[in-house]
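Single-structure report; data block below.
Residue numbers (my numbering): 95 to 169.
Right, dumping it as structure tokens:
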């Protein structure tokens with residue numbers, strides 16, 4: 095299930111065009127507050143995929159776990 099969600103998030107991030115997505119300070123703050131992680135080093139594409147998970151389906155605990163996993167892999 096987590097693999098499918100990760101793949102979906104990455105596909106959505108690629109489909110939106112990572113060059114067109116600029117991670118703002120507010121978005122980084124949203125990621126950090128959602129899962130209590132340090133997202134300051136994320137690229138625009140990585141932030142986009144994490145935000146897709148946050149705004150996607152599933153329970154809060156599943157999304158929080160997934161966000162923590164993604165941010166950990168990206169750093």
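Idealized CB from N, CA, C, for every residue including glycine.
Once DSSP output is grouped into helix, strand and coil, what is the label at residue i?
i           : result
residue 133 : coil
residue 172 : With the chain covering only 95 through 169, there is no way to say anything about residue 172.
residue 153 : coil
On the criterion of 16 or more Cβ atoms from any shown chain inside 10 Å, does residue i qualify as buried, or is it exposed?
i           : result
residue 167 : exposed
residue 146 : buried
residue 160 : buried
residue 125 : buried
residue 121 : buried
Got a sec: is the Cβ-Cβ distance from residue i to anything in chain B below 9 Å?
i           : result
residue 147 : No chain B appears in this structure, which consists of one protein chain only.
Figure out for me which residue from the options has the closest Cα to the Cα of residue i.
i           : options            : result
residue 137 : 153, 129, 119      : 119
residue 117 : 127, 128, 133      : 133
residue 164 : 150, 140, 155, 153 : 140
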